[in-house]
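S.K.: Every number in this note's numbering is 5 more than the matching position in the sequence shown, counting from 1. Just so it is clear, CB atoms sit at the ideal spot from N, CA and C, and this is done for glycine as well. All of these numbers come straight from a predicted model, not from anything done at the bench. Okay, here's the structure, questions in a sec.
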Amino acid sequence: DLEPTRRPEHDDAISDAEWDLRTGRAIDVLKSTLPHFFSYGLVSSIDRVSGTPRSVGAIASANPLDFRNKDDVETIYSPKIRLSYTPPIALPAPFPKTLHVEGLPLYLSSAVFIRHTLNALYSDTQVILRKVVVQTPGSRKFLVGGESENSTAHDSNRRNREKSLFIGLTVNGVARVSGGLGEWDVNSTYTFSPLSGLIHVHTVDSIQPAPHQTVYDALRSSLGKVFGLGLLDGGEPQAGGAGVRVEGPV
């Protein structure tokens, strides 16, 4: 049998100390790697020995079993991760009110699409962290640019495992055609599983200015089942669900 500490992608119960270690590592990875998203892609795991973040190389298939890590690599995302975003103005049919991605394969695929598309349309793309807040029932740490403004000691008497991470970031770049500056403020909340300590919910709270519908059309066309649409040309639900294949680095 696999030990929970060796396979964090399973939602097996782990000790409080291990849970705190995993959530802390995930927070550190997001803080240190999101600013380099357009250069190196989405980082989804770390080296167990060195603690070095690792980018995703290629997305093998939509089968969550393909994302089981080797013993020397620890993921920060649950294989059942759910990404959701509710546009301020409802999109026309067939788009649902809340757009969503379920499962690690589609989550990583959507990151590939966003990175490659924006790099194709804009030069000098960058991500700037504006605000980072670690939220727990008993404490609240506020950080800007990776520096803590409240270095309170760890609350060893925390009675539950509720923890989330709010990240406010700015994405910008220079349009390759017009030369104009494109800029978006994106606020997201990452929620950790109380069982595994992995990120199992990623909620995009807001995007300003809101993306145009053509962005969602492109995502739907490229990723198939992203946002829960998953319709064939004839309008029938596609069997197999998360069948998306994307080659190349994230």
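When DSSP builds the beta bridges, which residues end up paired with Thr-80?
M.R.: Answer is Ser-50, bridged to Thr-80.
S.K.: Helix, strand or coil, according to DSSP, for Arg-27 in the structure here?
M.R.: Note: Arg-27 maps to helix in three-state DSSP.
S.K.: DSSP three-state call for Val-117: helix, strand or coil?
M.R.: Val-117: helix per DSSP, three-state reduction.
S.K.: By the 10 Å Cβ neighbour count, where 16 or more other Cβ atoms means buried, how is Thr-80 classified, buried or exposed?
M.R.: Buried, by the Cβ-count rule.
S.K.: Is Ser-37 helix, strand or coil when you go by DSSP?
M.R.: Ser-37 falls in the helix class under three-state DSSP.
S.K.: Return helix, strand or coil for Arg-166, following the three-state DSSP convention.
M.R.: Three-state DSSP puts Arg-166 in coil, outside helix and strand.
S.K.: Would you identify the three-state DSSP class for Ser-183, choosing helix, strand or coil?
M.R.: Reduced to three states, the DSSP call for Ser-183 is coil.
S.K.: Between which residues of its own chain and Pro-93 is the CB-CB distance below 6 Å, once the five residues before and five after are set aside?
M.R.: So the list reads Ala-215, once near-sequence residues are dropped.
S.K.: What are the complete beta strand (DSSP E) segments, minimum 3 residues, inside the region 85-141?
M.R.: Qualifying beta strand (DSSP E) stretches, in chain order: 104-107 and 127-140.
S.K.: Have a look at Thr-130 and Glu-167 and give me their C-alpha separation to the nearest angstrom.
M.R.: Computed Cα separation, rounded: 34 Å.
S.K.: Return the first residue and the last residue of the beta strand (DSSP E) that Ser-211 is part of.
M.R.: Segment 204-213, the beta strand (DSSP E) holding Ser-211.
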